[in-house]
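Chains as they are written, first to last, in my numbering: chain D, 36 to 448; chain L, 36 to 448. Note that the Cβ used here is the ideal one computed from N, Cα and C, for glycine as well.
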């Protein structure tokens, strides 16, 4: 008998736990619900002091039954780096960067897939598929490799090629899709029954949100069980925002922490900004950005923030309600602002993904406009390394498809 | 008054502390000596349990006087990952990989440069230079950037281009050298006085060995204050071996740990194997490796272990004495063995540098020959990510030189 169930984030319906299909009948997203009184018996501030520096220190708040099912590569408990020089420059009380690129697959995606793949292992699943703008594909590939599960990854072809190439290195069947991430998702849905794939796309299963939740748990613990005032986060599908919000709710319920929730700021790229448009129905973008790529380092790094390119987030209403309830906001930044931010962070010793740099760019704007106040403590997330976004030709060995039929043709060759 | 001094690892002479020129008159290498009784008053197993998960938890065993001088980007306390499947396959008691690629600059070089740059900052130095096969250059560039020190990096031109390109991203003056790492070192020595560079090359200053030492301190602490039986380490200049050996000596002196030292195994690349030749004066290499590059993933990743390409280690006698005293050995592996190992580790979810993969290849050989025993617990080091070794053209903006005169010509253009 599992010690946790599911609840609908929209209509509050309760359901037994399962490891796939997270849509409620009402259309809301199902999330994992724990017996927090039971959890609090063993998970205490005191007990945490003795635990190992991994995201699995929060074991009781992750939905894996048997410790033997945990698929770990050394994820979580990433450094929270203070930026004192910039606190002075920008008149902020505190400024930190959470260095998520120090996860085992070089990106924050390790967290979600450590939990998701553990759940698949516990359920005896043998094949998993994901539509991904890149880092999620690499993370599924790595964790599935470790678990002995076959991985199938479908990646829009504008994704930086090194991030694509990691996937076959980890042994995954790797396919490029001539389309957006929802086109990749449609291919998986079309082939799911026939192929026996479990779809581990965003909000399709419970593990990834629970894994991302550990970013919030860590943040609270690393800040001595206090909240920062503002969290600035690069947002595509939004499972990180949902996960951190859930983490803070659980910590509040368990009495670990009091006070106001942080204000959540979702950062997106100009031109692909559904959350920004939802928060500000009349767009406030004033950039004269041409939309062209702005190569850095003699053309080798293209600040191409594909991780934020999710035109149709799986549960936009949930994201909007979190942002608005928290007193947060959403902001779109241009490629030019992202390119400048990569260089600013680099000069301070930090190699940042375009998505991570976007949080820096957003912070500068919010500081300029006065939305950020001198009393604010602010946390940014660097999600991956700059060098993973280097420009390389696409590997000739990786097929490019548009539909599930194309996939079947490719497999029959 | 500093609480530490220097001692000569060859003639045992004692000298006052300084931050450069680590050669004793006798030709031996000078290392930092602490008052271990004083250290043990505050650095205890109990106090460590309360400390933050960073290599600076061993603060009293690092030669930085003022905490304000510490230049940190979130280095150390990297995961030690068990490989249970392979323990069974190879009949080993325990097998771990220390995941050094999870350091802030994506490689184990973060550790040494965090300490080295802190010492430079404490001394008021404004310009630092390093000859490097790549990852050290990136680490100097990042830490110097963070500290506001100008970095000058000189890199042999066979170094993977992404690793080269990181350096200008961090704001370093970046120069490719048509030659080996000792040619790069000669350029720095030639220009040192004129340019005001402090040379932070291997064993030229005390910080890098002390920083690498934290790998040994962590290993002992993560294993519950026990030694593994065998450490397999990719060896170029050898500061990691010297550092870990020093760590273990200090821990033994302080009573933290008893028993035999681990057997140190140095891994090198066939054809550039001074340590192997020193340990086995008649080479035992039997490979029919052609010496050609063996590209992976459709030609994009070249397993080019430049980090091990140090034909003249700065203190070969010290390395040989550590390896031999410990009951260890040295072994050269081929590019083919390294390429196979990258794929084996990838299939288990680990993205490994060619140098890290070389330790895997060496382990397979030592297991085959019976040098590794069923009672052995073994630790390998993965030093960086596979993807950093992707093949890209050299950036046209980075000059290629042979001599210090070439450097002066380049600067005058």
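Residue environment: residue 442(D) is assigned as buried (16 or more neighbouring CB atoms within 10 Å of its CB, all protein chains considered). At a cut-off of 9 Å between beta carbons, residue 338(L) makes no contact with chain D.
With fewer than 16 other Cβ atoms from the protein chains shown falling within 10 Å of its own Cβ, residue 70(D) counts as exposed. For residue 175(D) against residue 163(D), the beta-carbon gap comes to about 6 Å, under 8 Å, which counts as contact. When the five nearest sequence neighbours on each side are left out, the beta carbons in the same chain lying within less than 6 Å of the beta carbon of residue 277(L) are those of 244, in order along the chain.
Neighbourhood of residue 116(L) in chain D, by CB distance below 7 Å: 108 and 109, in chain order. Remark: C-beta atoms of residue 103(L) and residue 145(L) do not approach each other more closely than 9 Å.
Excluding residues up to 5 positions away in sequence, 41 lie with their Cβ nearer than 6 Å to the Cβ of residue 50(D) in the same chain.
The alpha-carbon of residue 117(L) is positioned some 4 Å away from that of residue 131(L). With contacts defined as CB atoms closer than 9 Å, residue 141(D) and residue 168(D) fail to qualify as a contacting pair. Exclusion of the five residues before and after residue 55(D) leaves 233 and 240 as the residues of its chain whose Cβ lies within less than 6 Å of its Cβ.
For residue 89(D), the nearest beta carbon of chain L is closer than 9 Å to its own beta carbon.
Residue contact with chain D for residue 377(L): present (Cβ-Cβ distance below 9 Å to some residue of chain D). Taking a C-beta distance under 9 Å as the contact criterion, residue 255(L) and residue 225(L) do not qualify as a contact pair. Residue 67(D) has its alpha-carbon roughly 12 Å from the corresponding atom of residue 48(D). Under the 9 Å criterion on CB atoms, residue 200(D) is classed as interfacial with respect to chain L. Here residue 247(L) is actually not in contact with residue 384(L); their C-beta atoms are around 26 Å apart, not less than 8 Å. Within chain L, 180, 205 and 206 have C-beta atoms less than 8 Å from the C-beta of residue 382(D), given in sequence order. From the beta-carbon of residue 134(L), the residues of chain D found nearer than 9 Å are 108, 109 and 139. Counting only the Cα atoms, residue 413(D) lies some 15 Å from residue 403(D).
Non-local beta-carbon contacts of residue 388(D) in its own chain, meaning distances under 6 Å to residues more than five positions away in sequence, involve 418 and 419 in chain order. Under DSSP, residue 40(L) takes part in a beta bridge, and its partners are 51(L) and 68(L). Scanning 253(D), 362(D), 290(D) and 58(D) for the CA closest to the CA of residue 279(D) turns up 253(D).
Residue 358(L) is not a Cβ neighbour of residue 393(L), given a cutoff of 9 Å.
Per DSSP, residue 204(D) is one residue of the alpha helix (DSSP H) stretching across 196 to 204. When Cβ pairs closer than 8 Å are counted between the two stretches, the stretch 185 to 205 of chain D is seen not to touch the stretch 109 to 116 of chain D, the count staying below three. Looking at 302(D), 315(D) and 82(D), the one whose alpha-carbon comes closest to that of residue 344(D) is 302(D). DSSP assignment within the stretch 331 to 401 of chain L yields the following whole beta strand (DSSP E) runs of 3 residues or more, N-terminal first: 364 to 368. One thing to note: residue 381(L) has its Cβ no nearer than 9 Å to the Cβ of residue 159(D).
A direct Cα-to-Cα measurement between residue 351(L) and residue 287(L) gives close to 24 Å. Judged by their CB atoms, residue 348(L) and residue 273(L) are nearer to each other than the 9 Å cut-off. In terms of Cβ geometry, residue 100(L) and residue 78(L) do not form a close pair [threshold 9 Å]. Ranked by how close their Cα comes to the Cα of residue 305(L), the residues 372(L), 296(L), 261(L) and 136(L) have 372(L) in first place.
Residue 260(L) has a beta carbon lying at 9 Å or more from every beta carbon in chain D. Scanning the stretch 95 to 136 of chain L from its first residue to its last, the whole alpha helix (DSSP H) runs of 4-plus residues come out as 119 to 125. Across the structure, residue 186(D) and residue 89(D) are spaced so that their CA atoms are roughly 24 Å apart.
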